[in-house]
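Enquirer:
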Ligand code: PEP
Ligand code: MG
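Residue numbers (the working numbering): 362 to 1125.
(1) Nearer than 7 Å: is that true of the beta carbon of residue 717 relative to any heavy atom of ligand 2?
(2) Would you call the CB atoms of residue 1074 and residue 1052 closer than 8 Å?
(3) Distance check for residue 1038 and residue 1007, CA to CA, integer angstroms please.
(4) Taking only heavy atoms of ligand 2 into account, decide whether any of them is closer than 7 Å to the Cβ of residue 1004.
(5) Any idea if residue 604 is buried or exposed, counting beta-carbon neighbours within 10 angstroms, 16 or more meaning buried?
(6) Classify residue 882: buried if its beta carbon has 16 or more other beta carbons within 10 angstroms, exposed otherwise.
(7) Alpha carbon to alpha carbon, what distance is there between residue 1078 and residue 741?
(8) Quick one: residues in its chain with C-beta nearer than 7 Å to the C-beta of residue 871, no 5 flanking neighbours on either side, listed in chain order?
(9) Would residue 1010 and residue 983 qualify as a contact pair, given that the criterion is a beta-carbon distance under 8 Å?
(10) Quick one: grab the DSSP three-state call for residue 1054.
(11) Can you find a heavy atom of ligand 2 that lies under 7 Å from the Cβ of residue 941?
(12) Could you please give me the residues that DSSP links to residue 433 through a beta bridge?
(13) May I ask whether a heavy atom of ligand 1 can be found less than 7 Å away from the beta carbon of residue 1061?
(14) Taking DSSP as the reference, what is the three-state secondary structure of residue 564?
(15) Under 7 Å from any heavy atom of ligand 1, does the C-beta of residue 846 make it?
(16) Once DSSP output is grouped into helix, strand and coil, what is the label at residue 935?
(17) Should residue 981 be counted as a contact of ligand 3 given a C-beta to heavy atom distance under 7 Å?
(18) Going by DSSP in three states, residue 1122 sits in which element: helix, strand or coil?
(19) Taking Cβ positions, are residue 745 and residue 829 nearer each other than 8 Å?
(20) Is the beta carbon of residue 921 closer than 8 Å to that of residue 955?
(21) DSSP three-state label for residue 460, please.
(22) Straight-line CA distance for residue 621 to residue 772?
(23) Distance, Cα to Cα, residue 705 vs residue 837?
(24) Can you list the alpha helix (DSSP H) stretches of 4 or more residues lying completely in the region 1028–1097, in chain order?
(25) Flag this pair as yes or no: are the beta carbons of residue 762 and residue 747 separated by less than 8 Å?
(26) So is the beta-carbon of residue 885 under 7 Å away from any non-hydrogen atom of ligand 2?
(27) Do the region 557–571 and the region 753–769 touch if we need at least three Cβ pairs shorter than 8 Å?
(28) Could you give the DSSP three-state label for residue 900: helix, strand or coil?
(29) Three or more C-beta pairs closer than 8 Å, one from the region 486–494 and one from the region 450–463: is that the case here?
(30) Could you tell me the alpha carbon to alpha carbon distance between residue 910 and residue 998, rounded to whole angstroms?
(31) Using 8 Å as the threshold, is the C-beta distance between residue 339 and residue 820 below it?
(32) Can you tell me whether DSSP reads residue 1112 as helix, strand or coil?
(33) Enumerate in chain order the residues of its own chain whose CB-to-CB distance from residue 991 is below 8 Å, with the five nearest sequence positions on each side excluded.
(34) Taking only three categories from DSSP, how would you classify residue 1131?
(35) Could you check the C-alpha separation between residue 509 and residue 486 for me, to the nearest Å?
(36) Any chance the CB of residue 1052 is under 7 Å from a heavy atom of ligand 1?
Here is the structure:
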């Protein structure tokens, strides 16, 4: 404690810690009536009194970064609201800038000291300044000064820092409102964090910080037999709780989320894990410490594994270990009781396992923000299955968010708005209302066929890749599935999905399509889509490496197993099978030979084959554009994978943010390539579709219709917007615009099409 020279500490009972006294007095101040300034004045007076300081001052940060003296006990009252320090000016400015406590026995001697005559501070020597912080943001500085020349004790620093925390809380909560309005403290606290969308949607809600970690404090077992029993009981309870959770109605349906959760449950029964836990307890640890030890050891091993599969395993183990620790600690319900969850909960977590997410009351969950994760992570799949907005890779969110903070999760752009400004909330509320209204309009169009004003019927299909996507077929009103990316099941699985599992998935997809056409795409793995259970060498240029059909042809068993599963799933039904990354027509012959062989086996076994089989090629590699007359007679349909075709046509890596969107798909080169494809397909009477992302963008879709495309396949959420555009479109008119552009051949069609849309009242 700092003691004024020759004085005894005022009004502090010797036995009562200073911090407790300050807390009590601050609480009293907040309970009393009074405006913001009066409260601030009382706060500094009390702090000065308890800390026995000659001066206590409160500086707050203005929007322009200056620090304004807002209240003082000891300095001249006329300096309040008059003294302002520039960013970084003086010791106080330095404290705010560096976010550190400054403890100077003789402040005026410090080279950074800034003398302000209006304050009358020349009398004071020692100075202790601490930042007033909340959620990583500096709101101001709290200062005590004394006439004596002395260093403040560690206890003084601690007391002032803790007091500053409470003051920050009061500032943010509005308890000193009015005074601080000019500061727009809330604006300094707002933050926008850019992450990656992993589940679409929009959530406006309040933060619940997911804190799964239980700190293990008791390490050594006093009674090893008792600890072993605790471990065994804990494991039993863990397994039972998982069974119960997975039987929950929202999750009982089949689908990839089911596979993920079943795999997770298997992990809980893993004998190796159990053995390691037992060994640790036998070695003298408590059951809790054993869980921690095994987790740490495994983490050390898995940490060096570069690929996503092992990171997912690590997350599963983290999740299970946390759950077991909670059971051992007698807190099985997790960190928050359902009753304590706000009705619009947005979970904020460093990391989150799929089962952890399911611990929360689903009816109150609106969104999820995690610091790690990726669109392929298990938790992303569960978030999608639950229909909540989710953003991953939101760096720093845990540090900055506090329980109860307002938050907006934009699962479309991947942005997270923490403690948003009223204007942002109102913009997003509008957006949410608009989305709901738009969605209603699209829903109303659901059963209307997509026909242009001049009577051209456009077939709108949707892209899918998981069984959980299938309900979107009905919801969106799509005419079928134009692209089913089968590799997703493989990427999510911990082992190679054998025939039976593949068959089950494809059958479910066909059943749930209820007779609407489904185009299955053969495995498009390799490159960056790595399967951990498949040995693959690291490649310099994976996008143009050993991927997709190239791999399948080199590993015929891979292709055969999948073809067999397709054929059996579509027994007595229609099968449409599409081959990705075809680079030359001859590759189609090889695939067809495999398919024919499998049909032969099927027939010999007496299993009825599909009643019709259509084999298609994806046009993704530009070389095929120059072999169309040779390719088209060999196939039953063509689907343009514009994502890859653009990347290879422009030599621009689609995953590289710098170049991925550099080139416009409505410029001369791609438009002429599409036009050639339309002509060639018409010559050979080969159905043509496009299933890359551009099909789902209304303006691009309009250009494609102008080129002559009559089937497009897109993300389910794009079906409504594209259909709405089609209903307002005159296909003949847009065709003329497109033909003129192809003739003139320069620049991009984009601006002209925008004008066309505007002139014709087409909403884009
Ligand atoms: C494409 O390349 O356009 C395509 C649809 O396939 P993917 O995006 O899966 O590579
Ligand atoms: Mg592709």
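C-beta atoms are modelled at their ideal positions from N, C-alpha and C, and glycine is treated no differently.
Expert: Taking the coordinates as given:
(1) no
(2) yes
(3) 14 Å
(4) yes
(5) exposed
(6) buried
(7) 18 Å
(8) 879, 930, 931, 934
(9) yes
(10) helix
(11) yes
(12) 418
(13) no
(14) strand
(15) yes
(16) strand
(17) Of the ligands this structure carries, namely ligand 1 and ligand 2, none is ligand 3.
(18) coil
(19) yes
(20) yes
(21) coil
(22) 22 Å
(23) 26 Å
(24) 1029–1045, 1059–1068, 1077–1088
(25) no
(26) yes
(27) yes
(28) coil
(29) yes
(30) 17 Å
(31) Nothing can be reported for residue 339, as the shown portion of the chain is limited to 362 through 1125.
(32) helix
(33) 946
(34) Lying before the first or after the last residue shown, residue 1131 is absent from the chain, which here runs from 362 to 1125.
(35) 6 Å
(36) yes
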